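Residue numbers (my numbering): 1 to 452. Written out below as structure tokens is the structure these notes cover.
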């Protein structure tokens with residue numbers, strides 16, 4: 001058994017209240033192989049990907065962390081969807097239903113959704129296969145999920161997998177779980193003492209960080225923002241998705257990263273969209289996940305950065321420069337070692353107390369202040385050398401989860417010669433997603449032209 005680290009357990013407990021799975025989309029040219037052959041090919045690869053051979057076991061007493069235990073993948077995790085009309089609009093409608101679901105990590109922490117013979121896609125092929133890897137956020141973060149997909153769809157998988165791998169370890173007995181619970185009960189008082197001790201050190205670290213900030217040695221924390229039209233109501237009313245597939249060279253401009261180009265286009269499109277709905281837009285911000293160095297035993301290694309989108313700057317070039325500077329400052333602060341001291345408190349909080357805190361978190365309320373009006377997740381998924389059933393990959397996308405605050409999220413995903421902007425929205429909050437997608441397409445072209 002492998003106990004979950006606190007960040008991963010937090011993700012799992014949150015998923016029990018609000019789905020937060022990751023959805024990684026890959027579009028391939030249509031394969032000539034049958035569904036049975038595709039299943040068999042994927043089954044051969046499971047053995048080389050340890051994350052696909054586990055499920056979660058909860059501790060019934062709540063005293064110990066949930067733990068990953070070995071399991072064999074089930075054929076039901078490969079879902080081949082049949083559309084009445086296999087066209088791109090019909091696919092997008094079906095994906096809206098898919099991204100509204102959540103896996104049960106105690107049974108199957110991942111699924112693979114397959115849509116075949118899709119016509120009228122953004123790819124150059126007459127028909128394509130779209131594959132969506134749905135995976136529990138407790139199991140991996142965005143970077144880890146991309147690594148799993150790369151291993152799953154590699155054109156040349158590692159030769160020493162499946163057939164040469166030893167038989168899987170048996171799932172631990174109930175007695176092993178009882179011993180873990182007893183051990184957690186015995187060590188509970190010491191864990192409380194450690195939590196208090198680290199809390200004191202975290203308080204001192206916070207004071208030191210504030211002093212460094214006041215002296216200008218560390219960038220200040222992001223300001224709060226009032227919620228806007230995209231941040232209510234608290235409960236998600238539905239799911240809709242769109243994808244804008246663009247040539248990567250449009251995002252490769254002198255002095256600006258792909259993430260900055262995407263954020264600039266998103267900021268302009270959001271501002272125009274909200275003003276078109278009669279909203280006053282003087283300030284906009286995005287939550288941008290930032291990958292952190294991997295830590296032993298921790299599968300979610302990132303921080304959320306609140307990045308101001310320079311809504312008051314009308315010139316695209318100056319707006320991009322302001323966003324780039326803001327993003328750099330947010331990264332500098334997020335990487336400061338004193339923040340690790342504050343994070344260390346959570347590492348020793350007894351599981352029973354951590355789970356209680358997650359259960360009490362008010363996900364059904366929109367706070368008075370937020371750090372971002374939308375989420376923008378940006379991941380480079382590497383070269384376009386992946387295949388599915390022998391067919392080459394064309395592009396990739398992804399859909400960050402909606403929540404009580406975020407009713408419109410964005411993905412920026414690069415793969416070889418393409419960059420895809422993915423949109424995930426609550427139709428009750430964004431009823432005209434196609435209109436917003438067109439504004440975003442126009443903003444991308446404008447930013448690319450100006451920055452060049």
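Even for Gly, the Cβ is constructed at its ideal location relative to N, Cα and C. These numbers come from a predicted model, not from an experiment.
Residue-chain proximity (residue i, chain C), Cβ-Cβ < 8 Å
i: residue 417; result: Checking the listed chains, one finds no chain C in this structure; it contains a single protein chain.
Reduced DSSP secondary structure (H/G/I, E/B, other) of residue i
i: residue 251; result: helix
i: residue 320; result: helix
i: residue 349; result: coil
i: residue 264; result: helix
i: residue 343; result: helix
i: residue 411; result: strand
i: residue 358; result: helix
i: residue 3; result: strand
i: residue 457; result: Residue 457 lies beyond the stretch modelled for the chain, which goes from 1 to 452, so this question has no answer here.
i: residue 301; result: coil
i: residue 289; result: strand
i: residue 209; result: helix
i: residue 74; result: coil
i: residue 22; result: strand
i: residue 315; result: coil
i: residue 398; result: strand
i: residue 438; result: helix
i: residue 534; result: The requested residue 534 is not part of the displayed model; the chain covers only 1 to 452.
i: residue 374; result: strand
i: residue 99; result: coil
Residues near residue i in its chain [Cβ-Cβ closer than 8 Å; skip 5 each side]
i: residue 302; result: 141, 142, 143, 289, 290, 291, 292
i: residue 305; result: 222, 287, 288, 289, 290, 327, 330, 331, 334
i: residue 277; result: 229
Burial state of residue i (16 or more Cβ within 10 Å)
i: residue 364; result: exposed
i: residue 58; result: buried
i: residue 506; result: For the chain, the structure presents residues 1 to 452; residue 506 sits outside this window and is missing.
i: residue 296; result: exposed
i: residue 156; result: exposed
i: residue 34; result: exposed
i: residue 216; result: exposed
i: residue 362; result: exposed
i: residue 235; result: exposed
i: residue 168; result: Note that residue 168 scores 44 on pLDDT, short of 50, meaning its location in the model is unreliable; the coordinates nonetheless yield the value given after this. Burial call: exposed.
i: residue 426; result: buried
i: residue 129; result: buried
i: residue 15; result: buried
i: residue 279; result: exposed
i: residue 340; result: exposed
i: residue 360; result: exposed
i: residue 275; result: exposed
i: residue 445; result: exposed
i: residue 160; result: Because residue 160 sits at a pLDDT of 45, beneath the cut-off of 50, its placement in the model cannot be relied upon, and the following sentence gives the value as read from the coordinates. Burial call: exposed.
i: residue 149; result: buried
i: residue 356; result: exposed
i: residue 207; result: exposed
i: residue 282; result: exposed
i: residue 166; result: Any reading at residue 166 must be qualified, since the residue scores a pLDDT of 38, below 50, and its modelled position is unreliable; the value itself is stated next. Flag for residue 166 reads exposed.
i: residue 17; result: exposed
Integer-rounded CB distance, given that residue j should sit under 8 Å from residue i
i: residue 399; j: residue 411; result: 6 Å
i: residue 391; j: residue 72; result: So it is not a contact: roughly 27 Å between Cβ atoms.
i: residue 450; j: residue 316; result: 4 Å
i: residue 267; j: residue 309; result: 4 Å
i: residue 12; j: residue 56; result: 7 Å
i: residue 26; j: residue 131; result: 5 Å
i: residue 241; j: residue 96; result: 6 Å
i: residue 127; j: residue 386; result: 18 Å between Cβ atoms; not a contact.
7 Å Cβ shell around residue i - same chain, five flanking residues per side excluded
i: residue 83; result: 90, 91, 94, 115
i: residue 111; result: 77, 79, 103, 134
i: residue 253; result: 261, 448, 451, 452
i: residue 164; result: Because residue 164 carries a pLDDT of 35, less than 50, the predicted location of this residue cannot be relied on, and no value is offered for it.
i: residue 368; result: none
i: residue 441; result: 244
i: residue 443; result: 265, 268, 269
i: residue 248; result: 414, 417, 418, 419
Sequence-distant residues of the same chain with beta carbon closer than 6 Å to residue i, five excluded per side
i: residue 378; result: 259, 412
i: residue 5; result: 297, 298
i: residue 401; result: 20
i: residue 439; result: 269, 272, 273
i: residue 145; result: 22, 24, 135
i: residue 264; result: 319, 320, 323, 447
i: residue 209; result: 338
i: residue 138; result: 8, 11, 12, 105
Specify whether the stretch 367-382 and the stretch 90-106 touch according to this definition: at least 3 beta carbon pairs, one from each stretch, less than 8 Å apart. No contact exists between the stretch 367-382 and the stretch 90-106.
Taking three-plus beta-carbon pairs below 8 Å as touching, is the stretch 398-412 in contact with the stretch 230-239? Yes, since at least three Cβ pairs between the stretch 398-412 and the stretch 230-239 fall closer than 8 Å, the two stretches touch.
Is there contact here, the stretch 65-73 with the stretch 116-125, by at least three beta-carbon pairs under 8 Å? Too few Cβ pairs lie closer than 8 Å, so no.
The stretch 432-445 touching the stretch 102-112, judged by at least three CB pairs closer than 8 Å: Inter-segment contact for the stretch 432-445 and the stretch 102-112 is absent: fewer than three beta-carbon pairs are separated by less than 8 Å.
Between the stretch 26-46 and the stretch 249-259, do three or more beta carbon pairs fall short of 8 Å? Cβ pair count under 8 Å is below three, so no.
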